[in-house]
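For what it's worth, the working numbering labels the leading residue of the sequence shown as -12, then goes sequentially.
All C-beta atoms, glycine included, are put in the ideal place defined by N, C-alpha and C.
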Amino acid sequence: MTAADFLEGQIILLDKPLDWTSFQAVNKLKYKLRRAFDLPKKFKIGHAGTLDPRATGLLIICTGKFTKKIPEIQDAPKEYRAEIKLGVQTESYDTEKPEIFPCDISHLTERDI
């Protein structure tokens, strides 16, 4: 790829790491692309939907003229996968805080869940 390709517009699929904000991911990519391809400081780049910092997964990033496609991409169907842990709670009801209030779940069956 060339600088012209990114300025004209590209869609980049990034596997966002755990604990990064979507903003951080875009900024790191922008920095790397600017250095690798000598792109201008005002190089257009943006993401088509925010992932929580504690979420990992596909972050769709558009460059150049393709940033105009972001609303269309955001309206597309999406699929989310989650993992839950039964038998514990946290103060924040997510993975941000330590687990508290453990309880026995051995009585639960697959049908109960």
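Distances from the CA of ASP81 to each of PRO40, CYS90, GLU(-5), LEU20 were compared; the closest alpha carbon is that of PRO40.
LYS31 sits away from THR8, with the two beta carbons spaced by 7 Å or more.
When C-beta atoms of the region 67 to 74 are compared with those of the region 85 to 93, three or more pairs fall below 8 Å, so the two segments count as touching. One thing to note: PHE(-7) has its Cβ within 7 Å of the Cβ of THR50.
If you draw a straight line from the Cα of LEU5 to the Cα of ASP25, it comes to about 29 Å. The DSSP-derived three-state label of GLY51 is helix. As a beta-bridge residue in DSSP terms, GLY33 pairs with CYS49. In the three-state DSSP reduction, LEU1 falls in the strand class (E or B).
Looking at the DSSP output, GLU86 shares a beta bridge with THR77. LEU20 counts as buried, since no fewer than 16 other beta carbons sit within 10 angstroms of its beta carbon.
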